[in-house]
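Worksheet: the structure to be examined is printed underneath.
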Amino acid sequence: MSKPVKAVGLLSGGLDSTIAAAMLMRQGIEIQGLTFYTGFCVVEHNRRSKTRKRKKPVRNEALQAGAKLDLPVEMIDISGPDYLKVLTDPKYGYGKTVNPCIDCRIFMFRRARQYMDEIGAQFMFTGEVLGQRPMSQRRQPMNVIDRDAELDGLLLRPLSAKRLPPTVPEQEGWVDREQLGDIQGRSRQKQMEMAEEYGIEDYPSPAGGCCYLTDENFGRRILDFFEYEGKENLTMDDVMLLKIGRHFRVKPDVKVVMGREEGENKFLERYTPGRWRLETKDVTGPTTLVEGHPSDDDLRQIAGMTVRYAGSKADPDTPVACHYEDTERILEPSPVEESVLEAWRI
Amino acid sequence: MIQPVMTLDTYGLLCPVPIMKTASAIREIAVGEVLEVLADDPQILEDMPAWCASNGHALLDTIEEGEEYRLFVKKVK
Numbered sequence: 023m024s025k026p027v028k029a030v031g032l033l034s035g036g037l038d039s040t041i042a043a044a045m046l047m048r049q050g051i052e053i054q055g056l057t058f059y060t061g062f063c064v065v066e067h068n069r070r071s072k073t074r075k076r077k078k079p080v081r082n083e084a085l086q087a088g089a090k091l092d093l094p095v096e097m098i099d100i101s102g103p104d105y106l107k108v109l110t111d112p113k114y115g116y117g118k119t120v121n122p123c124i125d126c127r128i129f130m131f132r133r134a135r136q137y138m139d140e141i142g143a144q145f146m147f148t149g150e151v152l153g154q155r156p157m158s159q160r161r162q163p164m165n166v167i168d169r170d171a172e173l174d175g176l177l178l179r180p181l182s183a184k185r186l187p188p189t190v191p192e193q194e195g196w197v198d199r200e201q202l203g204d205i206q207g208r209s210r211q212k213q214m215e216m217a218e219e220y221g222i223e224d225y226p227s228p229a230g231g232c233c234y235l236t237d238e239n240f241g242r243r244i245l246d247f248f249e250y251e252g253k254e255n256l257t258m259d260d261v262m263l264l265k266i267g268r269h270f271r272v273k274p275d276v277k278v279v280m281g282r283e284e285g286e287n288k289f290l291e292r293y294t295p296g297r298w299r300l301e302t303k304d305v306t307g308p309t310t311l312v313e314g315h316p317s318d319d320d321l322r323q324i325a326g327m328t329v330r331y332a333g334s335k336a337d338p339d340t341p342v343a344c345h346y347e348d349t350e351r352i353l354e355p356s357p358v359e360e361s362v363l364e365a366w367r368i
Numbered sequence: 011m012i013q014p015v016m017t018l019d020t021y022g023l024l025c026p027v028p029i030m031k032t033a034s035a036i037r038e039i040a041v042g043e044v045l046e047v048l049a050d051d052p053q054i055l056e057d058m059p060a061w062c063a064s065n066g067h068a069l070l071d072t073i074e075e076g077e078e079y080r081l082f083v084k085k086v087k
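Residue numbers (the numbering used here), protein chains in the order written: chain A, 23 to 368; chain B, 11 to 87.
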């Protein structure tokens, strides 16, 4: 008996990649799932930062899909300086916000191809659907991505395969092209029918904006960082902070990040070293981090902002504790006009 | 009594990092041996069973001690 053909499947755990895996499993392909940790996934961030009192935990969908389909899933951490270069200097530019989708795809597919070679798989596949996403899932960008990622025809997109030129796995007869899909566009109707056919239940609803880089608020904050702090200085710690809380640019060299709920406050506390941390005394309020070099007047105003967003038990004179490394100062807050606050808001 | 041959400390780390570290650590032990994972991110209670199920390992036990967790993973293959 000949050895089964092995493929690496880029698995997000969403409906499309789960169906793509199920289609190929039905054809007898041995599948190794692969998922990347980028640091920009909205779901992953919500899992990390929101309050721990939530009744229903947010699941890692890729792992859940692997468990459901009984296929192994490898998680690879690609967050780091090389991936950040994709964000700061994309060859193919940004989409509507600061989303370098084409460059990101190329980066991921190159890494997936490397992994494919490492484990001795013959080809790789995704759940991509032609025309589903505006930037990276149109025919022309797909060609660019495949070329720049040096995939050599080894990437199969099972859901739209019949609408695309035959790939190596189809030409070699490893998979039967006739049994692959011809889906195009944004409707999920066909995928839902297929999910029923394959017995796939309990799948996540279509995510759409599942990446922070497509989020307008996050995009504004990234551009603010590029302008005032320099894109070459961006680190993953900065990225983590850009995703959370309220942000205010008080001065070119003073920025405020303020938690909006208990989970965010706890998350921000992890980033205290090297920053001022402000908290209201005796009454519940936000955790406020200050980046840069605030003057005493700045700190009093930021204390005022902290009181402004504290609970109803705080009044304008509520004292605010300011911590920096091992020192603590108690400040009387200076009120900040709403119009000033709005002007500072990023 | 479960006898782990290795203990992985992931205190302070948030998922999926503890899972990725578990995947690396499990490669260092032999089939049949047990890895103990220490964690304080409650998401691991969702992720570890799913990771074990998808990758064919056995989650023998999970002990919750307040906000800290000890998970015992047996390498099956």
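The C-beta atom is built at its ideal place from N, Cα and C for all residues, glycine as well. Bear in mind that the values here come from a model prediction, so they are computed numbers and not experimental data.
{"Check": "Within 8 Å (strictly less), CB to CB, does I39 (chain B) reach chain A?", "Outcome": "no"}
{"Check": "Is W196 (chain A) near V27 (chain A), with beta carbons less than 8 Å apart?", "Outcome": "yes"}
{"Check": "Take every Cβ of the stretch 47 to 56 of chain B, pair it with every Cβ of the stretch 66 to 81 of chain B, and state whether three or more of those distances are shorter than 8 Å.", "Outcome": "yes"}
{"Check": "Got a sec: is the Cβ-Cβ distance from E75 (chain B) to anything in chain A below 8 Å?", "Outcome": "no"}
{"Check": "Counting pairs of beta carbons, one from the stretch 303 to 312 of chain A and one from the stretch 337 to 352 of chain A, are three or more of them closer than 8 Å?", "Outcome": "yes"}
{"Check": "For M216 (chain A), does the count of other Cβ atoms within 10 angstroms reach 16, so buried, or fall short, so exposed?", "Outcome": "buried"}
{"Check": "Can you pull the chain B residues whose beta carbon is under 7 Å from the beta carbon of R81 (chain A), in chain order?", "Outcome": "E56"}
{"Check": "Would L353 (chain A) and A60 (chain B) be called neighbours here (beta carbons separated by less than 8 Å)?", "Outcome": "no"}
{"Check": "Using a threshold of 8 Å, state whether the C-beta atoms of F281 (chain A) and P308 (chain A) are closer than that.", "Outcome": "It is worth fixing the name first, because residue 281 (chain A) is Gly in this sequence and not Phe. Taking 8 Å as the Cβ cut-off, G281 (chain A) and P308 (chain A) qualify as a contacting pair."}
{"Check": "Tell me the residue span of the alpha helix (DSSP H) that contains W61 (chain B).", "Outcome": "I54 to N65"}
{"Check": "Spatial neighbours of V276 (chain A) within its chain, please: C-beta separation below 6 Å, excluding the five flanking residues on both sides.", "Outcome": "G314, P316 and D320"}
{"Check": "How would you label I167 (chain A), buried or exposed, when you count the other beta carbons within 10 angstroms and need 16 or more for buried?", "Outcome": "buried"}
{"Check": "Applying a beta-carbon distance threshold of less than 9 Å, which residues of chain B neighbour P94 (chain A)?", "Outcome": "S64, N65 and G66"}
{"Check": "Give me the subset of the stretch 264 to 281 of chain A whose CB atoms are less than 7 Å from a CB atom of chain B, sorted by chain position.", "Outcome": "none"}
{"Check": "If the cut-off is 8 Å on Cβ atoms, which residues from the stretch 48 to 60 of chain A count as contacting chain B, listed in chain order?", "Outcome": "G55 and Y59"}
{"Check": "State the CB to CB distance for the pair L235 (chain A) and F58 (chain A), rounded to an integer number of angstroms; the pair is presumed to be in contact (CB under 8 Å).", "Outcome": "Incorrect: roughly 14 Å between the Cβ atoms, too far for contact."}
{"Check": "Report the rounded CA-to-CA distance for D246 (chain A) versus R330 (chain A), giving the unit in angstroms.", "Outcome": "24 Å"}
{"Check": "I want to verify the contact list: residues of chain A whose CB lies under 7 Å from the CB of A35 (chain B), in sequence order.", "Outcome": "Under the 7 Å cutoff, chain A gives no residues; its nearest Cβ is about 13 Å from A35 (chain B)."}
{"Check": "Anyone know if the C-beta pair for F131 (chain A) and L202 (chain A) falls short of 8 Å?", "Outcome": "no"}
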